[in-house]
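Quick note on the working numbering: the sequence shown kicks off at 4 and runs consecutively.
A short write-up of the structure that comes next.
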Amino acid sequence: MIPSDQMSRAAFLVRFGPVYEASPWVAEGVWPDPPKDLKGLAAAMAAVVDAAPCAAKLALIRAHPELASRAKMADASVKEQSGAGLDQCSSTEFEAFQRLNTAYNLRFGFPFIFAVKGATRADILAAFEARLANDPETEFATAIAQIHRIAGFRLADLL
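Structure follows, in structure tokens:
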């Protein structure tokens with residue numbers, strides 16, 4: 004259960020604002036009457052994103068860090084990437100991630116998004132390679148779908 008009826012707006016946003024990377028507007032979109040269960044809250048937050056203008060969705064995608072990056076990341080991203088072993092890449096794997104990050108950003112204009120929980124580095128690299136062949140519209144939709152998966156994992160961890 005989500006104790007939102009006992010939470011102030013500010014407390015709700017502190018707790019659920021980070022679920023969608025650096026995009027508290029998603030949590031704001033379900034306030035003041037968020038669903039009281041995990042599945043309902045996940046669906047409601049996903050609906051806020053899906054109804055958002057393309058520019059807001061693009062900003063949401065761009066708020067995510069590159070995989071296997073050494074850039075500063077949100078705590079949740081650090082935990083997720085280290086859980087998939089991306090902080091333990093061999094030099095060959097690290098070079099592959101850097102090459103793919105560059106190629107992907109050049110092709111699509113945003114970082115590669117992949118819900119890494121439960122995946123290996125090999126799984127992620129294979130998906131990276133395969134998705135580079137997607138057309139921009141398909142990849143934009145895939146990135147949003149992956150962001151929803153990430154948010155679902157984060158909500159489950161919170162609750």
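Cβ atoms here follow ideal geometry from the backbone N, Cα and C, with glycine treated the same way.
Because the structure is a prediction, the values reported are computed rather than measured.
Same chain only: Cβ atoms within 6 angstroms of residue i, ignoring 5 sequence neighbours per side
{"i": "PHE113", "result": "ILE64, ARG65"}
{"i": "LEU162", "result": "LEU41"}
{"i": "LEU16", "result": "PRO27, ALA30"}
Same chain, Cβ closer than 7 angstroms to residue i, five either side skipped, listed in chain order
{"i": "GLU142", "result": "PHE111, ARG134"}
{"i": "ILE116", "result": "ILE64, HIS67, ALA146, GLN149, ILE150"}
Check: residue i C-beta below 7 angstroms from any heavy atom of the ligand FMN
{"i": "ARG134", "result": "With respect to the ligand FMN, the structure shown offers nothing to examine, as it has no ligands at all."}
Distance between residue j and residue i (C-alpha atoms, nearest Å)
{"i": "GLU24", "j": "ALA136", "result": "26 angstroms"}
{"i": "ALA106", "j": "ALA79", "result": "25 angstroms"}
{"i": "ALA146", "j": "HIS67", "result": "10 angstroms"}
{"i": "ASP126", "j": "ALA59", "result": "29 angstroms"}
{"i": "THR123", "j": "ALA154", "result": "19 angstroms"}
{"i": "VAL51", "j": "PRO139", "result": "22 angstroms"}
{"i": "GLN91", "j": "LEU61", "result": "29 angstroms"}
{"i": "ALA130", "j": "GLN149", "result": "12 angstroms"}
{"i": "SER94", "j": "VAL33", "result": "43 angstroms"}
{"i": "ARG12", "j": "LYS82", "result": "27 angstroms"}
{"i": "GLU96", "j": "ALA144", "result": "27 angstroms"}
Contact set for residue i: own chain, Cβ-Cβ below 8 angstroms, skip 5 residues either direction
{"i": "MET10", "result": "ARG18"}
{"i": "GLU132", "result": "LEU103"}
{"i": "VAL22", "result": "VAL29, ALA30, MET48, ALA154, ARG157, LEU158, LEU161"}
{"i": "LEU89", "result": "LEU70, ALA71, PHE100, VAL119, ARG124, ILE127"}
Assigned secondary structure, residue i (DSSP; H/G/I helix, E/B strand, else coil)
{"i": "ASN137", "result": "coil"}
{"i": "TRP28", "result": "helix"}
{"i": "LYS120", "result": "coil"}
{"i": "PHE111", "result": "helix"}
{"i": "LEU162", "result": "coil"}
{"i": "VAL22", "result": "helix"}
{"i": "ASP36", "result": "coil"}
N- and C-terminal bounds of the alpha helix (DSSP H) containing residue i
{"i": "CYS57", "result": "57-65"}
{"i": "GLU69", "result": "Segment: none, GLU69 is in no alpha helix (DSSP H) and carries neither H nor E."}
{"i": "MET48", "result": "41-54"}
{"i": "GLN91", "result": "First-last for GLN91: undefined, no H or E at that position."}
{"i": "VAL17", "result": "12-19"}
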